[in-house]
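The next block holds one structure in the form of structure tokens; read it before the comments.
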Amino acid sequence: MWELRSASFWRAIFAEFFATLFYVFFGLGASLRWAPGPLHVLQVALAFGLALATLVQAVGHISGAHVNPAVTFAFLVGSQMSLLRAFCYMAAQLLGAVAGAAVLYSVTPPAVRGNLALNTLHPGVSVGQATMVEIFLTLQFVLCIFATYDERRNGRLGSVALAVGFSLTLGHLFGMYYTGAGMNPARSFAPAILTRNFTNHWVYWVGPIIGGGLGSLLYDFLLFPRLKSVSERLSILKGARPSDSNGQPESTGEPVELKTQAL
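Sequential numbering of the sequence shown, starting at 1, is according to full-length UniProt numbering.
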């Protein structure tokens with residue numbers, strides 16, 4: 001429980017709340033229908049992607065800029081953060097998402113609000129198909145995050161923030177036609193709770209959580225394995241202190257510092 005006494009821990013929690021608030025505010029705001037006609041998928045995809053890229057650049061060095069319970073779950077599966085930190089991150093993300101959606105709701109004319117860009121299945125898409133789509137969307141997203149955040153990787157090219165943002169944009173360009181591209185339980189939860197519409201809402205939790213977990217296992221155990229013993233992984237999950245009794249550094253579950261580069 002030493003993390004609860006750490007100022008950097010609480011800064012990271014606030015960063016996740018703050019970042020998710022802005023992510024949902026700008027992402028959902030760009031998804032509202034201000035005029036009759038079809039929704040511009042490219043506009044929505046770029047809005048979510050650019051919002052996330054901006055937030056990775058802004059708070060990535062503070063909290064890792066997960067901004068997504070599925071991403072936090074993926075890092076937990078990979079034993080890269082403690083259970084306590086993961087729980088607090090997820091709580092902050094959900095609260096931030098609801099706060100962002102509430103602010104958007106309050107500043108948007110009633111005629112434009114609609115369902116507040118609630119994620120819904122396209123007619124003809126079954127819940128099984130939708131869940132599989134969400135799994136694949138989140139899987140590619142988490143793989144990109146793990147690869148770009150990986151401190152072991154030599155010669156990283158380009159910008160971490162843009163790489164993550166483009167991966168999210170890709171998911172939206174495809175997923176918008178099937179499920180509205182959830183990829184983030186917090187993003188899906190916020191409009192659902194404000195509009196009190198939870199039809200097929202479980203899809204937007206189960207799909208991203210499975211996809212995130214699979215992405216973590218695929219990258220950390222198969223593509224680029226992290227050579228950690230079981231005891232080391234358990235130590236991280238329990239929230240080990242910065243140093244052991246011999247004064248040697250230990251893994252603590254602190255977020256990886258992102259060293260972004262310009263393209």
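C-beta atoms are modelled at their ideal positions from N, C-alpha and C, and glycine is treated no differently. Values in this document were obtained by computation on a predicted structure and should not be read as measured data.
- Closest option to Val164, judged by alpha-carbon separation, among Ala117, Gly96 and Phe48: Phe48.
- With 16 or more other Cβ atoms inside 10 Å of its own Cβ, His172 counts as buried.
- Sequence-distant Cβ neighbours of Val59 in its own chain, meaning closer than 6 Å and more than five residues away, are Ala15, Ala19 and Ala65.
- Distances from the alpha-carbon of Ser235 to those of Leu76, Glu151 and Asn115 put Leu76 closest.
- The alpha helix (DSSP H) runs of length 4 or more contained entirely in the stretch 86–117 are, from start to end of the chain, 110–113.
- In this model, Arg241 and Thr72 are separated by some 20 Å (Cα to Cα).
- Annotated as proximal: Thr131 and Gly207, with beta-carbon spacing under 8 Å.
- DSSP, read as helix, strand or coil, puts Glu151 in coil.
- Residue range Val203 to Leu218 is occupied by the alpha helix (DSSP H) that includes Ser216.
- If only uninterrupted beta strand (DSSP E) runs of at least 3 residues are considered, none is enclosed by the stretch 143–198.
- Taking Tyr178 as reference, the option from Ser6, Ile193, Trp34 and Ser126 with the minimal CA-CA separation is Ser126.
- Assigned with DSSP and collapsed to three states, His122 falls in coil, not helix or strand.
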